[in-house]
Amino acid sequence: GQNIDQPTEMTATEGAIVQINCTYQTSGFNGLFWYQQHAGEAPTFLSYNVLDGLEEKGRFSSFLSRSKGYSYLLLKELQMKDSASYLCAVRKTQAGTALIFGKGTTLSVSS
Amino acid sequence: ETGVTQSPTHLIKTRGQQVTLRCSSQSGHNTVSWYQQALGQGPQFIFQYYREEENGRGNFPPRFSGLQFPNYSSELNVNALELDDSALYLCASSLDGQVSMNTEAFFGQGTRLTVV
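Going down the list, the sequences are from chains A and B. The numbering of the first sequence is the numbering used here, which starts it at 1 and goes up by one. The numbering of the second sequence is the numbering used here, which starts it at 112 and goes up by one.
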């Protein structure tokens with residue numbers, strides 16, 4: 001079966017650093033994606049990892065360990081606008097870019 | 112803006128009815144995927160179309176069906192609507208040639224379907 005786990009909720013303050021973890025168990029693996037979704041809006045792409053290691057993109061970084069079935073999204077210098085749901089998704093090898101999503105982590109940033 | 116447009120944005124239907132949702136993919140994209148997102152949940156994969164052929168399906172019953180047209184736009188049809196079908200339906204388009212490509216999926220704003 002397919003199983004992707006991430007924390008339901010996290011809170012942090014402006015300017016801080018937060019790490020959102022994701023563990024996965026899937027029958028196939030062809031990349032892991034992180035998406036950001038503000039309430040009532042479409043998910044927007046943040047990062048992609050297919051090899052082990054860290055991918056950095058401005059204030060956002062994503063890490064992958066395939067042997068551990070583990071990824072994290074690191075957000076630095078948090079801003080109020082970063083309050084959103086963060087979705088971890090694994091791409092299935094058998095169906096192109098079809099993604100298996102976790103339930104999402106709701107991040108609340110306070111001043 | 113991603114260039115992926117969905118219509119309608121909101122829809123209310125009665126249990127037992129049929130509904131058609133539409134998606135125009137981003138220019139140049141040949142693959143469309145449909146997802147169902149219930150409140151407080153992550154999107155669930157329904158199916159994917161690549162060059163007008165179904166190219167993968169999630170765990171949804173046959174009353175969920177789809178089409179992709181030569182211009183790569185797509186429709187999602189749901190028959191015999193049930194109350195649990197109430198959700199946000201998301202369409203995502205991408206350019207696929209090989210599974211190994213980093214083909215980012217761009218999502219539309221979604222259609223909010225309410226079944227009463």
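Think of the CB as a built atom: it goes at the ideal place given N, C-alpha and C, for glycine as much as any other residue. Owing to the predicted nature of the structure, the values given are computational and were not obtained by experimental measurement.
Through-space distance from residue j to residue i, alpha-carbon basis
i, j, result
"Lys-124(B)", "Leu-46(A)", "34 Å"
"Lys-76(A)", "Gly-167(B)", "37 Å"
"Ser-144(B)", "Lys-57(A)", "26 Å"
"Pro-154(B)", "Ser-110(A)", "27 Å"
"Leu-178(B)", "Ser-108(A)", "39 Å"
"Leu-73(A)", "Leu-132(B)", "33 Å"
"Thr-8(A)", "Thr-142(B)", "31 Å"
"Asn-3(A)", "Ile-100(A)", "8 Å"
"Gln-112(A)", "Ala-98(A)", "Any answer about residue 112(A) is impossible in this case: the structure gives chain A only from 1 up to 111."
"Asp-207(B)", "Cys-88(A)", "21 Å"
Simplified DSSP state of residue i, which is helix, strand or coil
i, result
"Lys-92(A)", "coil"
"Lys-57(A)", "strand"
"Leu-194(B)", "helix"
"Thr-222(B)", "strand"
Bridge-paired residues (DSSP) for residue i
i, result
"Asn-3(A)", "Gln-25(A)"
"Met-10(A)", "Leu-107(A)"
"Tyr-74(A)", "Looking at the sequence provided, one finds Leu at residue 74(A) rather than Tyr. Answer is Gln-19(A), Ser-61(A)."
"Val-189(B)", "Val-130(B), Phe-175(B)"
"Thr-170(B)", "Contrary to the premise, residue 170(B) reads as Asn rather than Thr in this sequence. Asn-170(B) is not bridged to any residue."
Nearest-angstrom beta carbon gap, residue j and residue i [assumed within contact, 8 Å]
i, j, result
"Arg-126(B)", "Leu-194(B)", "6 Å"
"Thr-226(B)", "Gln-129(B)", "Here residue 226(B) is Val; the residue named in the question, Thr, does not match the sequence. That belief does not hold up - the Cβ atoms of Val-226(B) and Gln-129(B) are roughly 11 Å apart, past 8 Å."
Heavy atom of the ligand MG within 7 Å of residue i beta-carbon
i, result
"Phe-218(B)", "Of the ligands one can find in the structure shown there are none, so the ligand MG has no counterpart to examine."
Could you tell me which uninterrupted beta strand (DSSP E) segments, each at least 3 residues in length, are contained entirely in the segment 125–155 of chain B, listed from first to last along the chain?
130–135, 142–148
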